[in-house]
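Chains as they are written, first to last, in our numbering: chain P, 272 to 577; chain Y, 931 to 1161. Note that CB positions come from ideal geometry on N, CA and C, so glycine has one too. Here's the structure, in structure tokens; my notes come after.
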């Protein structure tokens, strides 16, 4: 599978703040990528640089094999839907859709009109008079109907209720299945999208913590609980990310290369083992000191944490 | 270039407001003036000249500021390059300047033919008989649109790239430069020479030539500024 986006040693510094710190990765074609991380982690900055809306301090960015800055060929194949998007104050919902139809080569008007009905958007209403949720829905309609080969959604759900969010996920998945494209979904509602995401990118404080297939990640992080001694024994085979103790029992989240053998070992030690959810993994990795050193020798790290 | 045309069309999707505001306000200004001078019933020697025509230029100035503060983030959000946005903007404003100037010219001709709408009102006519040549008269209507448009674009771009501090810095520098020149001219007694220079300029130079030159300068500077601007 060819890479749609390649980023090499990307760094972005604002006055005194390092928003991105030597980030390198690539995005495979026709996948849904989850771009995860806390507020201020650098997610939006990264997407702004990939869409040439912002400038890198150093490092290389390649989108569809070229630099996106002032590159019409690249830019016309990108759709970037962001929570902070503003619209000219005199435009109505229909005007925004007409503008998007003019600009995106792959625009599907029929889909756009269907989605407007699905999200119950008032076509004739001025954009400045839309509620926060309606504004988000308008962005989602533009993002989906643009059918851009590379589509970024930067927290597109602000103000949307649970039903509308589910509608977004459903339509995203349905349209993605029919018209495969590369999607980057930046979100805080990790549990809601964990079934959707095929590849995970986790950023924390401008650094890339994870760049891994979602499927592979699910087996990599487990939570074991049971007697302290047994938990200690088990965690020796991986990197301990988190531990909660109560009396003689402990519950630890461990990262490592856990196959079926590890499950057997946990059972023989008398431990309960469960795969951590994507949300747990993200929370543990971004709060654990071990997260940054993932993959290094476990014992030394574990001692350092205690 | 295709993409620039797309941007020009993009800025026209809400065309009712784009066209409605300048002409609506001009129409209002004209009706007030017409009503006022009809009501005054002055004798035939009185030929009032109003500044009402300025209103349409002021609306265009405001629109050009909006182009940067509102249309720019929208267009870039839709994946338009800065170059295409800029060129599209130039097409958009030039198109308006040319068509609006043509209408204003026509209205000025009607005004002359009807003896000032029957009440000797001079609203659309250029207030002093500086330019006689039809092409130059047309340009005298069109160029100020572009000049004000690019002044608005330039100011808004300074704000976009350097924020409020940039605007304050620009004002400070402008104040210091103009103030310094005034002091210098007064001290060296240059005022009569400056007045003479203006008096020597032909009408077309003051209404068309110099504004066009200034417009080109601002257009160039705006292009350099927008290339590194972020929405």
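- Task: Report the three-state DSSP secondary structure of residue 397 (chain P) (helix, strand or coil).
- Result: As a position in the first chain, residue 397 (chain P) is number 126, starting the count at 1. Strand, per DSSP.
- Can you name the start and end residues of the alpha helix (DSSP H) that residue 237 (chain P) belongs to? Any answer about residue 237 (chain P) is impossible in this case: the structure gives chain P only from 272 up to 577.
- Message: Please determine whether the Cβ atom of residue 521 (chain P) lies at a distance below 7 Å from any heavy atom of the ligand GTP.
- Response: The ligand GTP is not among the ligands present in this structure, which contains no ligands whatsoever.
- Query: What is the rounded straight-line gap between the Cα of residue 567 (chain P) and the Cα of residue 423 (chain P)?
  - Reply: Taking the first chain and counting its residues from 1, the one referred to as residue 567 (chain P) is at position 296. Taking the first chain and counting its residues from 1, the one referred to as residue 423 (chain P) is at position 152. Only weak support is given to the placement of residue 567 (chain P): the predicted model assigns it a pLDDT of 37, under 50, and the question is left unresolved by the model.
- Item | Rounded separation between residue 1146 (chain Y) and residue 448 (chain P) - CA only | Position 216 of the second chain, counted from the start, is the residue given in the question as residue 1146 (chain Y). Position 177 of the first chain, counted from the start, is the residue given in the question as residue 448 (chain P). Each residue's Cα considered, the two are about 51 Å apart.
- Pick from Y:943, Y:967, Y:1052, Y:1020: whose alpha carbon is nearest that of residue 1153 (chain Y)? Along the second chain, read from residue 1 onward, the residue named residue 1153 (chain Y) stands at position 223. When only C-alpha atoms are compared, the closest one is Y:1020.
- Task: Could you list which residues in chain P have their beta carbon closer than 9 Å to that of residue 1004 (chain Y), in chain order?
- Result: Translated into positions along the second chain, residue 1004 (chain Y) becomes position 74. What residue 1004 (chain Y) touches in chain P: 356, 357, 358, 359, 362, 367, 370.
- Contact set between the stretch 999-1023 of chain Y and chain P, restricted to residues whose Cβ is under 7 Å from the partner: 1000, 1001, 1003, 1004, 1006, 1007, 1008, 1009, 1010, 1011, 1012, 1013, 1014
- Message: Taking beta-carbon pairs under 9 Å, can you tell me which members of the stretch 1149-1161 of chain Y lie near chain P?
- Response: 1157, 1158, 1160, 1161
- Task: List the endpoints of the continuous alpha helix (DSSP H) containing residue 293 (chain P).
- Result: Position 22 of the first chain, counting from 1, holds the residue named residue 293 (chain P). Counting along the chain, residue 293 (chain P) falls outside any alpha helix (DSSP H), though it belongs to the beta strand (DSSP E) covering 288-299.
- Item | DSSP-derived helix/strand/coil call for residue 1043 (chain Y) | The count along the second chain starts at 1 and reaches residue 1043 (chain Y) at position 113. In this structure, residue 1043 (chain Y) counts as helix in the three-state DSSP scheme.
- Message: I'd like to know if residue 956 (chain Y) contacts chain P, where contact means its C-beta is closer than 8 Å to some C-beta of that chain.
- Response: Mapped onto the second chain, residue 956 (chain Y) falls at position 26. Judged by the 8 Å Cβ criterion, residue 956 (chain Y) is not in contact with chain P.
- Which residues mark the beginning and the end of the alpha helix (DSSP H) in which residue 533 (chain P) is found? Within the first chain, residue 533 (chain P) is the residue found at index 262, counting from 1. 531-539 is the span of the alpha helix (DSSP H), which, as asked, contains residue 533 (chain P).
- Message: Counting only Cβ pairs nearer than 8 Å, list the residues of chain Y close to residue 296 (chain P).
- Response: By one-based count along the first chain, residue 296 (chain P) stands at place 25. In chain order: nothing, as chain Y lies at least about 22 Å away.
- Output the residue ranges of the beta strand (DSSP E) runs that lie fully inside the stretch 426-473 of chain P and measure 3 residues or longer, sorted by chain position. 453-457
- Message: Less than 8 Å between C-beta atoms, sequence neighbours within five positions excluded: which residues of the same chain meet that for residue 513 (chain P)?
- Response: Here residue 513 (chain P) refers to the residue found at position 242 when the first chain is read from its first residue. Once the five neighbours on either side are set aside, the close Cβ partners of residue 513 (chain P) are 523, 524, 555, 558, 559.
- Buried or exposed (CB count within 10 angstroms, at least 16 for buried), residue 961 (chain Y): Position 31 of the second chain, counted from the first residue, corresponds to residue 961 (chain Y). Exposed is the call here.
- Message: For residue 1095 (chain Y), count the other beta carbons within 10 Å of its own beta carbon; 16 or more makes it buried, fewer makes it exposed. Which is it?
- Response: As a first step, residue 1095 (chain Y) is located in the second chain; it is residue number 165 there, counting from the start. It is exposed - the Cβ of residue 1095 (chain Y) has fewer than 16 other Cβ atoms within 10 Å.
- Query: Who are the neighbours of residue 947 (chain Y) on chain P, taking C-beta pairs under 8 Å?
  - Reply: Counted from its first residue, the second chain places residue 947 (chain Y) at position 17. Within chain P, the residues near residue 947 (chain Y) are 361.
- Short Cβ contact (8 Å threshold) for residue 335 (chain P) with residue 275 (chain P): Here residue 335 (chain P) is taken as the residue at index 64 of the first chain, counted from 1. Here residue 275 (chain P) is taken as the residue at index 4 of the first chain, counted from 1. Yes, Cβ-Cβ distance for residue 335 (chain P) and residue 275 (chain P) is below 8 Å.
- Would residue 1018 (chain Y) pass as a contact of residue 937 (chain Y) if the rule is Cβ separation under 8 Å? For the purposes of this step, residue 1018 (chain Y) is identified with residue 88 of the second chain, where counting begins at 1. For the purposes of this step, residue 937 (chain Y) is identified with residue 7 of the second chain, where counting begins at 1. Taking 8 Å as the Cβ cut-off, residue 1018 (chain Y) and residue 937 (chain Y) qualify as a contacting pair.
- Message: Check this for me: beta carbons of residue 456 (chain P) and residue 468 (chain P), under 8 Å apart or not?
- Response: Working through the first chain from its first residue, we reach residue 456 (chain P) at position 185. Working through the first chain from its first residue, we reach residue 468 (chain P) at position 197. Cβ atoms of residue 456 (chain P) and residue 468 (chain P): closer than 8 Å.
- Query: In terms of residue numbering, what span does the alpha helix (DSSP H) encompassing residue 1150 (chain Y) cover?
  - Reply: As a first step, residue 1150 (chain Y) must be located in the second chain, where it is residue number 220. Its alpha helix (DSSP H) spans residues 1140-1156.
- Residue nearest to residue 451 (chain P) in terms of C-alpha spacing, selected from P:478, P:377, P:462, P:357: Counted from its first residue, the first chain places residue 451 (chain P) at position 180. Minimum Cα distance to residue 451 (chain P) is reached at P:377.
- On a CA-only basis, which of P:426, P:466, P:338 is nearest residue 444 (chain P)? Give me that one, please. For the purposes of this step, residue 444 (chain P) is taken as residue 173 along the first chain, with counting starting at 1. If we check each option's Cα against that of residue 444 (chain P), P:466 comes out closest.
- Look up residue 340 (chain P) in the DSSP assignment and say whether it is helix, strand or coil. Along the first chain, one-based indexing puts residue 340 (chain P) at 69. Residue 340 (chain P) falls in the coil class under three-state DSSP.
- Task: Pick out whichever of P:367, P:354, P:490 has its Cα sitting closest to the Cα of residue 940 (chain Y).
- Result: For the purposes of this step, residue 940 (chain Y) is identified with residue 10 of the second chain, where counting begins at 1. The residue with the shortest Cα to Cα distance from residue 940 (chain Y) is P:367.
- Contact set between residue 351 (chain P) and chain Y, taken where Cβ atoms lie within less than 8 Å: Translated into positions along the first chain, residue 351 (chain P) becomes position 80. Within 8 Å Cβ-Cβ: 1007, 1009.
- Examine the Cβ distances between the stretch 497-511 of chain P and the stretch 313-326 of chain P and report whether three or more of them are shorter than 8 Å. no
- Beta-carbon of residue 426 (chain P) versus every beta-carbon of chain Y: anything under 8 Å? Translated into the one-based positions of the first chain, residue 426 (chain P) becomes position 155. With 8 Å as the cut-off, residue 426 (chain P) does not count as an interface residue toward chain Y.
- Task: For residue 306 (chain P), collect the residues of the same chain with a Cβ closer than 6 Å to its Cβ; drop the 5 residues on either side in sequence, then sort them by chain order.
- Result: Taking the first residue of the first chain as position 1, residue 306 (chain P) is located at position 35. 314, 455, 457, 472, listed in sequence order.
- Message: If I follow the unbroken alpha helix (DSSP H) through residue 1096 (chain Y), where does it start and stop?
- Response: Position 166 of the second chain, counting from 1, holds the residue named residue 1096 (chain Y). Start and end: 1064-1118.
- Task: Out of Y:1077, Y:1133, Y:1103, Y:1113, point me to the one whose CA is closest to residue 1062 (chain Y)'s CA.
- Result: Here the question's residue 1062 (chain Y) lines up with position 132 in the second chain. Nearest C-alpha to residue 1062 (chain Y): Y:1133.
- Message: Counting only Cβ pairs nearer than 7 Å, list the residues of chain P close to residue 884 (chain Y).
- Response: Shown here, chain Y extends from 931 to 1161; a query on residue 884 (chain Y) therefore has no answer.
- Reduced DSSP category for residue 496 (chain P) - H, G, I as helix; E, B as strand; rest coil: In the first chain, counting from the first residue as 1, residue 496 (chain P) sits at position 225. It is a strand residue.
- Query: Quick one: which chain P residues come within Cβ less than 7 Å of residue 1096 (chain Y)?
  - Reply: Within the second chain, residue 1096 (chain Y) is the residue found at index 166, counting from 1. Those do not exist, as residue 1096 (chain Y) stays about 15 Å from chain P at its closest Cβ, beyond 7 Å.
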